[in-house]
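These protein sequence lines map, in sequence, to chains S and W. Going by this note's numbering, the first sequence opens with residue 93, and the numbers climb by one from there. Going by this note's numbering, the second sequence opens with residue 93, and the numbers climb by one from there. Here is the structure we will look at.
2 protein chains.
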Amino acid sequence: MNTNLLSYIKRYINLTEQEITVLSEHVKIRTYLKGQYIVQQGEVCKYESFVISGCAKTFFIDTEGNEHVVMFAIENWWTADLGSFITQEPADYNVQCLEKTTVAQFSHESLELLYAQIPQLERFFRIIIQKAYVASQKRIVRNFSLTAKERYLNFRKQYRDIEQRVPQYLIASYLGITKQFLSKIRAELI
Amino acid sequence: MNTNLLSYIKRYINLTEQEITVLSEHVKIRTYLKGQYIVQQGEVCKYESFVISGCAKTFFIDTEGNEHVVMFAIENWWTADLGSFITQEPADYNVQCLEKTTVAQFSHESLELLYAQIPQLERFFRIIIQKAYVASQKRIVRNFSLTAKERYLNFRKQYRDIEQRVPQYLIASYLGITKQFLSKIRAELI
DNA sequence: AAAGGATGTTCACATAGATTAACAAAAAGC
DNA sequence: GCTTTTTGTTAATCTATGTGAACATCCTTT
């Protein structure tokens, strides 16, 4: 059983040795190379993935063929197309690795089995999702009430570790602006 | 025990008669008049509220004093400042009734007690929040990839029942545009 | 070291949507 | 029924951000 994942789970719930064993039997560790896809738009999202090491972006291609970055995931973050995972219908998003990335994966069937065998996991995932939901709402609010420059500064403050690792044009996409405009903002800040 | 709430919960989990009794002991039914606040920015959000009848808006006032509508809630929707409810810290948002509104409320303490006594509720709220999270992510995506007109059309299609009940300028605020620009879009559509 | 691709910058011009202000229409109060 | 308040519209002007194209850097790979 991966220690990163285990200590992450233990922040929220307590598990017995036996439960940990059950859990570990249903988690699959997998490593993807830079550029590989964990989830592909149009295919069913098979796993919820916990990032052990590396970095991935979630994005989609709109009707005009433009790429939009929805989120990034680094160590100790979860990534998936949750809508697709829940309903087992085709994904709206892609998840692609920006570096060599190792993840711990839960399949849909495994997770349902685990919920039945370790009811505490319902609590664990409820808490995780609650936090993600709150963060998501805050992002909506920021997008409406802040300028591009303010959003960029906020991003830098909140995700400095991500900012160091991913190219500017992906950050621009995440912020909902063009790379040229981000470049202009960065120039102004010096 | 309110029938709306009960049948809503039964869509996701099965409860015994005894569990329903426990549940009903911890739910408070309350009616607010038009204009009253269920949650106030700056105060701790005491309840998660399930709307039985009526309509409410969630909004916040930014540093320039402008109001931004974050979401609406009508029959069978939940409303709260979830971030504040979870952490029991001051709320970022207001929830104000747009009509006379009756809600079923769960306090933080009640809910923790209920989770302990009816573990299935963890599952129920996990599922609810997962759906809310997915919807929230989709909204972020729409805000980035669609024009104001497209967002308005999408809103009309998805929330026709809300569109009928709330003034245009609140819809404009929800969409992140001015009421004047929404008016222009509406004129174009005829 | 040269060549090629990925990434970042600058600038001129275009546009979606904001702002201000005036007015129209509908709803609520008296 | 008339007045006041709330809600919705129109139009002129302004601004934040997008678009396209050219160029500059910086990694890779050979």
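Even glycine gets a Cβ: it sits at the ideal position worked out from N, Cα and C.
Does residue i have its Cβ less than 8 Å from a Cβ in chain W?
i, result
"Glu111/S", "no"
"Val226/S", "yes"
"Pro211/S", "yes"
"Gly175/S", "yes"
"Val143/S", "no"
"Ile277/S", "no"
"Gly157/S", "no"
"Gln229/S", "yes"
"Glu103/S", "Just to set this straight, residue 103/S is Arg in the shown sequence, not Glu. No, because no Cβ of chain W sits closer than 8 Å to the Cβ of Arg103/S."
"Ile178/S", "yes"
Find out if the Cβ-Cβ distance for the pair residue i, residue j is shorter than 8 Å.
i, j, result
"Ile112/W", "Leu98/W", "yes"
"Leu174/W", "His118/W", "no"
"Thr193/S", "Tyr139/S", "no"
"Val131/S", "Asn94/S", "no"
"Phe273/W", "Gly268/S", "no"
"Ala183/W", "Glu135/W", "yes"
"Gln85/S", "Lys276/S", "This structure cannot settle anything about residue 85/S, because the visible part of chain S is limited to 93 through 282."
"Glu255/S", "Arg248/S", "yes"
Check whether chain S comes within 8 Å of residue i, counting only Cβ atoms and requiring the distance to be less than that.
i, result
"Phe164/W", "no"
"Gln222/W", "yes"
"Asp154/W", "yes"
"Arg218/W", "yes"
"Arg234/W", "no"
"His118/W", "no"
"Ser237/W", "yes"
"His200/W", "no"
"Ile121/W", "no"
"Gly268/W", "yes"
"Glu135/W", "no"
"Arg215/W", "yes"
Could you give the distance in angstroms between the alpha-carbon of residue i and the alpha-carbon of residue j?
i, j, result
"Val233/W", "His160/S", "8 Å"
"Arg218/W", "Trp170/W", "13 Å"
"Glu70/W", "Asn96/W", "Beyond the ends of chain W as shown, which are 93 and 282, falls residue 70/W; an answer cannot be given."
"Ala224/S", "Gln222/W", "9 Å"
"Lys102/S", "Ser228/W", "27 Å"
"Gly146/S", "Phe216/S", "24 Å"
"Ile210/S", "Lys230/W", "31 Å"
"Arg100/W", "Gln110/S", "Note on identity: in this sequence residue 100/W is Tyr, with Arg being the wrong assignment. So the alpha carbons of these two residues sit roughly 35 Å apart."
"Leu262/W", "Ile166/W", "15 Å"
"Gln180/W", "Gln250/S", "22 Å"
"Tyr129/W", "Arg252/W", "24 Å"
"Tyr283/S", "Asp154/W", "Absent from the model: residue 283/S. The displayed extent of chain S is 93 to 282, so no value can be given."
"Lys126/W", "Cys137/W", "19 Å"
"Arg278/S", "Gln188/S", "26 Å"
"Asn246/W", "Asn246/S", "29 Å"
"Ile282/S", "Ile282/W", "48 Å"
Using CA coordinates, which residue listed in the options is at the minimum distance from residue i?
i, options, result
"Tyr266/S", "Phe152/S, Ser176/S, Gly127/S and Ile144/S", "Phe152/S"
"Glu201/W", "Leu115/W, Lys102/W, Ile282/W and Phe273/W", "Leu115/W"
"Phe142/W", "Phe273/W, Gln256/W, Ala196/W and Lys249/W", "Ala196/W"
"Ala240/W", "Ile210/W, Glu280/W, Gly134/W and Lys126/W", "Glu280/W"
"Thr150/S", "Gln256/S, Asp253/S and Phe164/S", "Phe164/S"
"Ala264/S", "Ser176/S, Asn158/S and Val226/S", "Asn158/S"
"Val226/W", "Gln110/S, Val162/S, Ala148/S and Asp154/S", "Val162/S"
"Phe198/W", "Asp253/W, Ile178/W and Glu255/W", "Ile178/W"
"Glu156/S", "Leu238/W, Ser176/W, Gln133/W and Lys126/W", "Leu238/W"
"Ser176/W", "Lys126/W, Val258/W, Gln133/W and Tyr244/W", "Gln133/W"
Near residue i, what residues of its chain come up, given a Cβ to Cβ distance below 8 Å and the 5 sequence neighbours on each side ignored?
i, result
"Ile220/S", "Tyr104 and Trp170"
"Glu214/W", "Tyr207"
"Asn168/W", "Asn96, Tyr100, Phe142 and Val143"
"Gln212/S", "Ile105, Asn106, Leu107 and Glu111"
"Val258/S", "Cys147, Lys149, Phe164 and Leu190"
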